[in-house]
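What follows is a set of notes on a single structure, which appears directly below.
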RNA sequence: GCCCCCAUAGCUCAGUGGAUAGAGCGUCGGCCUCCGGAGCCGAAAGCGCAGGUUCGAGUCCUGCUGGGGGUACCA
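Numbering (the working numbering), first residue to last: 3 to 560.
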């Protein structure tokens, strides 16, 4: 990346200046290259001269000039400037910027990729909602976040796998099956009232009806436990199908659906427990089996097997992550969880240590809750109370592009207010359309040009050295930034940077459109027109790339 | 009580310790005689409070206020 190259130039220049005696010998702070807020200060800047002042015992300006004096000439930069109070500013050369058009074309849809992962395998596990009801809007944030994190890691050089963990072995599943059984009985004329802990949602009535349509009344004659077991499996299958469909509606597809049950059925759970036992990390206390995480840096131990003999959720987590890292050998794993699992997240490093794994290989992405508003009132989401807003409903009203983009314009740890009325009512004013409009406009320019006799095979090889207008340069500069945005977003696992970048890129494109006539009827402009058409085509590709990473469509017309 | 997150424009939100804090929506005023006005240009408007660290703080530290979340042999 160009920014890293500049950092290296400066680092070498400092050493050289010290070697030549322009600077005293001191341990330089690491050179950090930043983007100035004000483009008038150039494309890149470093404050290293100011940071070095107390070590060098020199004025920042003098240090800056000593460094600048030893900077080599490179084709991608104009001469560096040292300005008070000691910034060293760099500007990308226009010739190099114009050459980026060819670089974008050569990247063939992967412009902006960075190599942080070096091909390591990385699993991203997300959504993982219990298959006890339809996907609701709380999960939508998880869904979009996880999906785009996965895309970002792919762009950052990881071999990524998307996985959905099906919690089908716990208490929630049992409650779900009991509820289904009672709704089933009710639908067939029997008195079987729900209890408060059962799922109250009306979707359970539909589910019971679906079961009756398919299987009739045959479960009535079975023993209750057998019926519940059968209905549990049937219900799970139906709910998973529904979740899969809703996820597809959000344009999300998983490489694998991993069931909690398989941990027990395939012997993985027993293997992990034996391993922990052998490591001397388990302890019997009050009739339960505990994992001695207090010996691994935790302030408490965790229950593995409850005194009733059933495994607790922590034990599932241990077994599941054992499977991820040891059985399947992922180099890195990302789990995407809502912030109400923060306590669980804190315990994960101890789990890793118990398995003898480096805790840094596991990252938990926590995101804050989505608060839904309808008619000015907050809508509480709870599957148990039955008060839910489903992903399907919102998709139907707002559409996947708007939902995804809206969810991506918030940083992970901000509580998000999602006004359903506003989302629908203002859909035409939604920022996603601002970005998509820019893309459609580019497509339109290219087709208009072709209609007026400009030939695509000629603009594909146009002379980009003719690109010199400030608006053209601004557009190129913004596109060069993409690699930095991808690196930042992938490092922080914070996809919202992409959304804001897309808005900025749209902004500079619209400015270019305003200032630079692309398709001109003046014969004197033919050369520039062709160069600009090539630039527009490249910009369109970058736009499609950014939107693609976000899972948002890049339409040619709207 | 203790722990975590948050507090930036009227609203919803960005902002890697740097040089004049941004966007969308909303408000007000402008702009279509060759490329899409779902656009562009301009205006009003902001870092919760009090200390501290630093050459430099929206950003780091402490306290306070307000909001959210967490503190189980539930997940």
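Even for Gly, the Cβ is constructed at its ideal location relative to N, Cα and C.
The straight-line gap separating the alpha-carbon atoms of residue 293 and residue 230 is approximately 32 Å. Minimum Cα-Cα distance from residue 471 among the listed residues 194, 228, 530 and 543 corresponds to 530.
Partner residues in the beta bridge of residue 313, as assigned by DSSP, are 307. Membership of residue 353 in any beta strand (DSSP E) is not indicated; the residue belongs instead to the alpha helix (DSSP H) covering 344 to 356.
By alpha-carbon distance to residue 105, the top candidate from 3, 162 and 60 is 3.
CA-to-CA, the gap between residue 120 and residue 368 works out to about 25 Å.
Annotated three-state conformation of residue 112 is coil, per DSSP. For residue 375, the enclosing beta strand (DSSP E) begins and ends at 372 to 376. Remark: fewer than three beta-carbon pairs, one from each stretch, lie closer than 8 Å, so the region 458 to 465 and the region 120 to 131 are not flagged as touching. A distance of 8 Å or more separates the beta carbons of residue 309 and residue 281. From the listed residues 318, 522, 510 and 406, the smallest Cα separation to residue 262 is found for 318. Counting C-beta atoms within 10 angstroms of its own C-beta, residue 382 has fewer than 16 neighbours from the protein chains shown and is therefore classed as exposed.
With a beta-carbon spacing of about 6 Å, residue 552 and residue 410 fall inside the 8 Å limit used to define contacts. Close CB contacts of residue 475 within its chain, under the 8 Å cut and outside five residues either way in sequence, are with 96, 99 and 469 (chain order). The closest CA to that of residue 407, considering only 143, 311 and 206, is found on 143. Note that the region 139 to 156 touches the region 338 to 346; at least 3 beta-carbon pairs, one per stretch, sit closer than 8 Å. In the structure shown, the three-state DSSP call for residue 46 is strand.
Excluding the 5 residues flanking it on each side, residue 34 has same chain C-beta neighbours closer than 8 Å at 9, 48, 49 and 50, in chain order. The shortest CA-to-CA distance from residue 433 to any of 350, 370, 501 and 543 is the one to 501. Taking a C-beta distance under 8 Å as the contact criterion, residue 499 and residue 490 qualify as a contact pair. Going by DSSP, residue 392 is part of no beta strand (DSSP E) at all; its letter is neither H nor E. The C-beta distance from residue 203 to residue 135 rounds to 6 Å, short enough to fall under 8 Å.
Within the region 473 to 504, the alpha helix (DSSP H) runs of at least 4 residues that lie entirely inside it are, in chain order, 484 to 494. Residues of the same chain with a CB within less than 7 Å of the CB of residue 31, apart from the 5 flanking positions on each side, are 50, 53 and 54 in chain order. Straight-line measurement puts the Cα of residue 543 at about 35 Å from the Cα of residue 167. Cβ contact annotation for residue 284 (same chain, cutoff 8 Å, sequence separation greater than five): 275, 278, 291, 292, 293, 294 and 306, in chain order.
In terms of Cα proximity to residue 238, the closest of 174, 224, 258 and 223 is 174. Residue 330 is not bridged by DSSP to any residue. For residue 332, the CB contacts under 6 Å within the same chain, skipping 5 residues up- and downstream, are 123, 125 and 326 in chain order.
C-alpha of residue 188 to C-alpha of residue 214: approximately 11 Å in a straight line. Sequence-distant Cβ neighbours of residue 206 in its own chain, meaning closer than 7 Å and more than five residues away, are 181, 182 and 185. Here the alpha carbon of residue 540 sits roughly 19 Å from the alpha carbon of residue 78. CA-to-CA, the gap between residue 219 and residue 178 works out to about 19 Å.
Just so you know, the alpha carbons of residue 414 and residue 227 end up roughly 43 Å apart.
Residue state for residue 91 is assigned as strand, using DSSP reduced to three classes. Separation of residue 102 and residue 244 (C-alpha to C-alpha, rounded to the nearest whole angstrom) is 45 Å.
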